[in-house]
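The structure appears below as structure tokens.
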Amino acid sequence: MKTESLNIVWLKRDIRTQDHEPLLRAEREEIPYRIIYLFEPSIIEYPDTSPRHLQFIYHSILTLNKTLSPFNRQIEVFYGEASDVFEHLKFHFDIKKIFSYQESGNRITWERDKIISVFCKNWDIQWIQSQRDGIIRGIKNRTDWNKHWHKVMHRPIIQNNYSISELNPLEHPFTLPEKLINNLEEYSILFQPPGEQNAWRYLKSFAAQRGFKYQKNISKPLESRTSCSRLSPYLAWGNLSVKQAFQFIGAHPNGKQNDRAFSAMLTRLHWHCHFIQKFEVECDYETVCINRGYELLIHSKNERFIEAWKTGTTGYPLVDACMRAVIQTGWINFRMRAMLVSFLTLNLDQDWREGTYHLAQQFLDYEPGIHYPQFQMQAGTTGINTVRLYNPVKNSQEYCPDGVFIKKWVPELSNVPLEHIHEPWKMTTMEQAFCDVIIGDDYPKPIVELKESAKLARDKIWGHKKHPAVQAEKKRLLNTHVNRINNELQEKRNSRT
Ligand SMILES: Cc1cc2nc3c(=O)[nH]c(=O)nc-3n(C[C@H](O)[C@H](O)[C@H](O)COP(=O)(O)OP(=O)(O)OC[C@H]3O[C@@H](n4cnc5c(N)ncnc54)[C@H](O)[C@@H]3O)c2cc1C
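Residue numbers (the numbering used here): 3 to 499.
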């Protein structure tokens with residue numbers, strides 16, 4: 003059966019044509035190569051995945067195909083488990099090498115990669131996995147990681163060139179089911195447009211002007227939508243490498259006049275990789291408390307609270323506006339994400355695991371390596387970070403003083419006067435009637451009392467910090483991430499070099 007020798011480039015979270023090491027390596031080989039992407043049923047069905055992720059991937063692939071078509075190349079898409087697809091390919095071709103990036107995903111992708119690794123060993127196929135964005139596989143601590151990362155960020159950008167392929171598109175039984183294709187074809191205009199070209203458009207417009215007020219607006223739910231880089235989905239799905247973004251911003255002529263803003267953004271690119279590196283070492287952070295001592299804390303599950311949080315009907319206007327905005331658009335800024343988590347886990351006293359998959363599905367930029375550690379930091383289960391309680395009323399007054407963002411996403415409150423927009427339940431019945439909203443009827447009353455719930459949360463989380471199990475875990479964590487604090491100081495100095 004086997005006739006042709008073939009190499010494979012397996013795209014994962016690296017859907018781009020430039021600064022792409024696996025594609026470069028495949029081009030250098032004498033054997034022809036095919037580029038594949040796998041829509042794996044087990045991953046599609048996993049609770050962190052949502053149609054918007056798959057749609058972003060699918061449309062990114064379509065744009066890539068346009069770029070590659072002059073070279074008679076395209077991304078060949080399969081619907082099937084990786085092991086079945088590779089088994090099929092191996093049966094029909096003499097596969098010599100598979101090129102891909104290392105994936106720092108959650109347990110399900112980690113386990114899948116272990117199976118593929120065994121498969122490759124059994125069949126004498128070389129699987130060459132390139133390092134992604136300076137993330138090192140399997141390190142025990144952070145000694146020198148920071149230095150390594152900066153070295154990687156300063157390496158030359160890979161200029162990928164493509165030879166013209168003589169292969170015809172492959173016929174195979176792993177075609178996408180029609181129902182799935184119909185779903186993938188859809189794409190809400192409220193989501194950021196996918197693909198490599200759009201990634202560059204966002205990067206360039208940030209450096210050209212949007213980023214000048216980056217720091218001033220970073221926490222404001224409305225203004226941050228234009229002032230932040232909005233690179234996150236492109237970095238998460240690899241339409242852009244972190245190195246491409248780092249070098250472009252670092253060398254941009256506007257950097258001189260916007261030094262603080264651009265440096266702050268570069269620092270966050272470092273955080274991006276720092277968090278993924280953490281997760282790479284312990285992907286159990288998806289389901290287990292970073293500080294295992296917090297597993298001893300009891301939360302009584304309240305379905306009504308969880309549902310209100312998920313649907314943006316808690317009665318706290320900023321919380322609800324943020325949740326509804328992220329459901330509709332796939333993005334909100336860092337502070338608002340942190341506030342949502344703080345509200346669920348501290349004010350509503352719900353286990354952090356009740357919210358992780360919901361937000362993972364909503365975020366167009368879902369990146370397991372950032373999502374779970376960040377979620378746990380805000381929920382206070384790391385035992386090494388200061389726990390912050392975000393008061394949704396204070397945050398509303400400070401970061402959304404004109405109420406425009408709230409009124410956009412919570413239209414029930416669109417006629418509420420400014421003096422009541424942050425706490426509409428304080429209006430008298432007469433005032434409510436004047437602005438066409440009856441609190442408790444058209445818009446919910448607050449589901450918890452803020453002061454009381456904050457005090458309970460503080461006592462519970464802060465009190466638990468002293469528990470011997472938390473203290474013992476803290477030591478273990480500091481040993482693993484011992485160099486973090488030093489690295490962060492160093493990183494601040496290096497970030498604009
Ligand atoms: C609970 C929670 C969950 C989160 N989940 C994700 C996630 O799944 N994917 C994701 O990319 N970010 C996540 N973040 C981090 C952050 O909110 C987003 O990266 C940021 O809002 C993306 O917008 P931007 O691209 O305009 O960022 P910018 O502020 O312009 O920053 C540039 C890039 O730096 C990285 N970055 C920025 N802030 C952080 C941060 N605090 N930690 C790590 N990296 C950062 C991102 O890659 C971002 O694209 C989460 C934060 C919280 C509190």
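Where a beta carbon is used, it is the ideal one built from N, C-alpha and C, also for glycine.
Does the beta carbon of His-274 fall short of 8 Å from some heavy atom of ligand 1?
yes
Pick out whichever of Leu-237, Trp-129, Gln-131 and Lys-99 has its Cα sitting closest to the Cα of Pro-370.
Leu-237
Given a threshold of 16 other Cβ atoms within 10 Å of its Cβ, counted over all protein chains shown, does Met-267 qualify as buried or as exposed?
buried
Nearest to Arg-478 (by Cα), restricted to the options Thr-384, Arg-15 and Tyr-401
Thr-384
Given Ala-474, which residues of its chain have a CB within under 8 Å of its CB, disregarding the five upstream and five downstream residues?
Gly-295
Pocket of ligand 1 (residues with CB nearer than 6 Å to any heavy atom), chain order:
Cys-230, Ser-231, Arg-232, Leu-233, Ser-234, Leu-237, Ala-238, Met-267, Arg-270, Leu-271, Trp-273, His-274, Phe-277, Asn-335, Phe-336, Arg-339, Ala-340, Val-343, Phe-365, Asp-367, Tyr-368, Glu-369, Ile-372, His-373, Gln-376, Phe-377 and Gln-380
Ordered list of alpha helix (DSSP H) runs contained in the segment 433-471, each at least 4 residues:
452-466
Determine whether the beta carbon atoms of Pro-319 and Pro-426 lie at a separation below 9 Å.
yes
Element boundaries [alpha helix (DSSP H), containing Glu-78]
No alpha helix (DSSP H) holds Glu-78; the beta strand (DSSP E) holding it covers 77-81.
Measuring CB to CB, does Ala-247 end up less than 9 Å from Leu-182?
no
On the DSSP bridge list, what partners appear for Trp-12?
Ile-38
Taking the C-alpha atoms as reference points, what is the distance between Ser-398 and Lys-245?
35 Å
Among Cys-291, Gln-249, Pro-72 and Leu-224, nearest to Lys-409 - alpha-carbon criterion
Leu-224
Which value, in whole angstroms, describes the spacing of the CA atoms of Asn-162 and Leu-25?
7 Å
Any chance the segment 208-227 sits against the segment 179-193, with 3 or more Cβ pairs inside 8 Å?
no
Short check: CB of Phe-101 to CB of Ala-210, under 9 Å?
no
Measure the C-alpha to C-alpha separation of Arg-157 and Ser-132 and round it to an integer number of angstroms.
14 Å
What are the start and end residues of each continuous alpha helix (DSSP H) run of 4 or more residues lying completely inside the segment 55-138, in chain order?
84-94 and 109-124
Using the DSSP secondary-structure output, state which residues sit across from Ser-7 in a beta bridge.
Asp-96
Name the residue from Pro-448, Glu-451, Val-450 and Leu-415 whose alpha carbon lies nearest to the alpha carbon of Gln-434.
Leu-415
Per DSSP, what kind of secondary structure is Asp-322 in: helix, strand or coil?
helix
I need the DSSP call for Cys-291, collapsed to helix, strand or coil.
coil
If you follow the alpha helix (DSSP H) that Asp-261 is in, where does it begin and where does it stop?
261-283
By the three-class DSSP mapping on this structure, what secondary structure does Ala-327 have?
helix
Euclidean distance between Cα positions of Gly-240 and Lys-14
8 Å
Which runs of the alpha helix (DSSP H) spanning at least 4 residues fall entirely within the segment 336-421, listed in chain order?
336-344, 358-364, 370-381, 394-401 and 406-411
Buried or exposed, going by whether 16 or more other CB atoms sit within 10 Å of the CB of Arg-203?
exposed
Rounded straight-line distance, which links the Cα of Phe-208 to that of Asn-260
11 Å
Assign Thr-347 to buried or exposed, taking buried as 16 or more other Cβ atoms, counted over all protein chains shown, within 10 Å of its Cβ.
buried
Can you give me the C-alpha to C-alpha distance between Val-120 and Glu-31, rounded to a whole angstrom?
23 Å
Is Ile-33 helix, strand or coil by DSSP?
coil
To the nearest angstrom, how far is it from the Cα of Ser-234 to the Cα of Trp-273?
12 Å
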